[in-house]
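Position one of the sequence shown corresponds to residue 8 (our numbering), numbered consecutively onward. Glycine is no exception: its CB is placed at the ideal position from the N, C-alpha and C atoms. Being a predicted model, the structure only gives us computed values, none of them experimental.
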Amino acid sequence: MNSVEIEETHAVNHQLLRERVERGKRPGTREFVALIDGMEAGLLIFEHFPKTSLGFVYEIYVLEKFRAMGIGTQLLWLAETVARDSACETLRLTARSLDQEFINDVKLMSWYDRNGFIRDAHGSSGMEKNLASGFTLSGEIG
8 MNSVEIEETH AVNHQLLRER VERGKRPGTR EFVALIDGME AGLLIFEHFP KTSLGFVYEI
68 YVLEKFRAMG IGTQLLWLAE TVARDSACET LRLTARSLDQ EFINDVKLMS WYDRNGFIRD
128 AHGSSGMEKN LASGFTLSGE IG
């Protein structure tokens with residue numbers, strides 16, 4: 008997988024991914040598209056909050072025909088890399104499945120657990136990872 012940072016929304020060719028970028032783009036966010044053999048396969052929307060050394064993953068999304076190929080894991084790795092490069096000490100996200108038929112929230116949270124994220128103490132779907140821990144990614148969802 009290769010990835011490219013999106014500077015302009017219109018640079019995303021796949022309609023669904025472009026729509027997701029348009030909905031998720033905010034001042035301060037960075038958007039990346041995953042490419043498989045030059046074809047757009049997935050999306051990462053990330054934001055860095057410098058005053059708190061916090062990175063936040065707003066969205067990891069993989070197109071249906073590219074699922075179960077490790078692209079989600081690679082996008083999560085990219086989020087961690089971008090966060091570390093931005094001097095983030097913590098990476099947070101909300102573990103909410105964008106396709107309940109493919110994976111439900113419980114399985115998604117379990118996948119994040121295996122990749123070093125810890126659940127919010129309030130029992131919500133919020134999760135975070137201490138990037139100084141050196142924990143490595145474990146692989147596929149499911």
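| Query | Result |
| --- | --- |
| 6 Å CB neighbourhood of E66 in its chain, flanking five on each side removed | G31 and I52 |
| Contact under 9 Å by Cβ, L61 with L85 | no |
| Neighbourhood of M116 by C-beta distance below 6 Å, restricted to the same chain and skipping five residues each side | A102 |
| Alpha-carbon spacing of D106 relative to D112, whole angstroms | 9 Å |
| Opening and closing residue of the alpha helix (DSSP H) in which A90 lies | I78 to D92 |
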